[in-house]
Structures are given as structure tokens and as C-alpha cells.
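Below: the structure, in C-alpha cells.
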């Protein structure tokens, strides 16, 4: 899918260097790819964890009722 939206944000020099370093250390050739992965995958990870917690809560509720 082609990318059609441009997103801009500002960083300090130190933040930009840290971002470039982190991207390079993880094997990314482009900072934009690193940022997309970090942001979008983090959302998916968080959603998965919240669903796991919800299932645990439901199991506990069921045990309390029994």
C-alpha cells in the first residue's frame, strides 16, 4: 500500500541521534520505518496485553461466582 500521509514532529539533537542509533542497532535502514514499527507494533502489543488481562479477569469472576 502506498503511503500518502506525511507526519512531522520535532526532536532535540540528542533525541534525533538516539532515534537514529536505536534504528541502526535494530537493523533498520530508514528512521521512518523504525518509527512506524515502534508506534504501530506497540499499539498492537498493548491491545493484546489488555485482551489477556480481560480474559484473566473474566476467569476470576467466574471462579468467584462458582
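Numbering (this note's numbering), first residue to last: 305 to 370. The beta carbon of each residue, even a glycine, is placed where N, CA and C say it ideally should be. Keep in mind the model is a prediction, meaning the values are calculated, not measured.
| request: Since I believe residue 323 is in contact with residue 335 (beta carbons under 8 angstroms), could you give me their beta-carbon distance rounded to a whole number of angstroms? | output: 6 angstroms
| request: With a threshold of 16 other CB atoms inside 10 Å of the CB of residue 320, please say whether the residue is buried or exposed. | output: exposed
| Nearest-angstrom Cα separation, counted from residue 307 out to residue 345 | 17 angstroms
| At what residue ranges does the region 311-358 contain a whole run of the alpha helix (DSSP H), taking only runs of 4 or more? | 317-329
| If you run the structure through DSSP and keep just helix, strand and coil, what is residue 366? | helix
| said: Is the beta carbon of residue 338 closer than 8 angstroms to that of residue 327? | reply: yes
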